[in-house]
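Single-structure report; data block below.
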Amino acid sequence: MYTSLVRAQNAFGFFTTVAFAVAALIAASDFLSPRAPTGTLKTTNVQVVRGRPHYYSTKKEEYAIIKFSLDADLSSLFTWNTKQVFVYVTAEWPDSTSGATNATNKAVIWDSIITSPSADHLTNIGPVAKRKLIKSAEGKSIDPSRGKLSLKNQRPKYQITHPTGKVAETDGVTLKLHYNVQPWVGILTWNQDRDYGLWKKMAGGLSKAFQFPAVKSKTADKAKS
Numbered sequence: 001m002y003t004s005l006v007r008a009q010n011a012f013g014f015f016t017t018v019a020f021a022v023a024a025l026i027a028a029s030d031f032l033s034p035r036a037p038t039g040t041l042k043t044t045n046v047q048v049v050r051g052r053p054h055y056y057s058t059k060k061e062e063y064a065i066i067k068f069s070l071d072a073d074l075s076s077l078f079t080w081n082t083k084q085v086f087v088y089v090t091a092e093w094p095d096s097t098s099g100a101t102n103a104t105n106k107a108v109i110w111d112s113i114i115t116s117p118s119a120d121h122l123t124n125i126g127p128v129a130k131r132k133l134i135k136s137a138e139g140k141s142i143d144p145s146r147g148k149l150s151l152k153n154q155r156p157k158y159q160i161t162h163p164t165g166k167v168a169e170t171d172g173v174t175l176k177l178h179y180n181v182q183p184w185v186g187i188l189t190w191n192q193d194r195d196y197g198l199w200k201k202m203a204g205g206l207s208k209a210f211q212f213p214a215v216k217s218k219t220a221d222k223a224k225s
């Protein structure tokens with residue numbers, strides 16, 4: 001009855017139970033750390049151009065290119081259990097083509113990953129930059145400066161379009177800041193629409209509404225010249 005195999009199974013079962021209990025406590029500790037992210041977004045330049053979705057396409061589509069400025073303080077999202085924070089900016093506008101009530105178009109125009117000092121070894125950067133990053137974080141479990149962003153006239157990473165291929169002269173477009181917290185142990189968490197205890201919804205993080213401009217025609221450019 002008490003063979004070596006049974007004893008090994010009992011020891012392993014006890015170990016996994018303790019490990020699960022410790023992991024649950026670590027995950028629950030996140031709810032004791034206050035979160036109060038803030039952000040300010042504004043557009044600096046908006047253009048709409050025509051282009052092909054791929055090289056062999058004969059049909060051109062309209063693409064919006066949005067430059068923006070961002071000042072954000074996401075330092076409160078970093079705790080001893082934070083692995084990294086995924087930050088991204090979306091352009092959103094009402095969808096009048098689908099016929100659905102309150103339908104909204106959403107497209108990502110920029111994103112970035114901010115690692116905590118304990119996860120710097122996971123960053124996908126060059127060896128020299130990685131050594132400098134790790135050295136700057138020596139002895140730090142939490143580095144609040146990692147969550148502070150200040151971007152001026154930032155170029156978008158992605159041009160955006162619509163399934164119809166038309167975005168020019170669209171009204172009610174806004175930019176919105178989003179985040180996704182990835183912990184070492186626990187669940188992924190995203191932006192909140194309301195306050196939950198010590199976790200507060202983002203203050204700001206939404207630009208003023210604007211309009212996609214019309215596509216500049218070649219004839220108009222020639223007339224100006």
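By the UniProt record's numbering, the letter at position 61 of the sequence shown is numbered 61, and the numbering carries on one by one without gaps. No residue lacks a Cβ here, since even glycine has one placed at the ideal position from N, Cα and C.
Note the first and the last residue of the continuous beta strand (DSSP E) segment covering isoleucine 113.
Segment 104 to 115, the beta strand (DSSP E) holding isoleucine 113.
Whole-angstrom Cβ separation of lysine 157 and aspartate 120, contact assumed at under 8 Å?
Lysine 157 to aspartate 120, Cβ: 22 Å. No contact.
Which class does residue 232 belong to by DSSP, given the choice of helix, strand or coil?
Missing from the structure shown is residue 232; the chain here goes from 1 to 225 and no further.
Anyone know if the C-beta pair for glutamine 159 and serine 69 falls short of 8 Å?
no
Taking the beta carbon of serine 225 as the centre, do at least 16 other beta carbons fall within 10 Å, making it buried, or is it exposed?
Low confidence applies to serine 225: its pLDDT is 45, below 50, so where it sits in the model is not reliable enough to give any reading.
Please report the distance separating the alpha-carbon of alanine 103 from that of aspartate 95.
5 Å
According to DSSP, is isoleucine 160 part of a helix, a strand, or is it coil?
strand
Taking all protein chains shown into account, decide if proline 34 is buried (16 or more other Cβ within 10 angstroms of its Cβ) or exposed.
exposed
Count the other CB atoms within 10 Å of the CB of aspartate 30; is the residue buried (16 or more) or exposed (fewer)?
In this structure aspartate 30 is buried. Its beta-carbon is surrounded by 16 or more other beta-carbon atoms within 10 angstroms.
Straight-line Cα distance separating valine 181 from serine 116
11 Å
When the Cα atoms are used, what is the spatial distance from leucine 177 to serine 4?
Taking C-alpha positions only, leucine 177 is separated from serine 4 by approximately 57 Å.
Just to check my reading of the structure: isoleucine 114 and glycine 147 have Cβ atoms closer than 8 Å, yes? What is that Cβ distance to the nearest angstrom?
6 Å
Assign leucine 198 to one of three DSSP states: helix, strand, or coil.
coil
Less than 8 Å between the beta carbons of glutamine 211 and valine 167, yes or no?
no
Start and end of the alpha helix (DSSP H) containing lysine 132?
127 to 136
Taking the alpha carbon of serine 118 as the point to measure from, which residue in Val87, Thr161, Ile142, Thr43 has its own alpha carbon closest?
Ile142
Would you identify the three-state DSSP class for asparagine 45, choosing helix, strand or coil?
Asparagine 45 carries a strand assignment under DSSP once its states are collapsed to helix, strand and coil.
DSSP on histidine 121, reduced to helix/strand/coil?
Helix at histidine 121.
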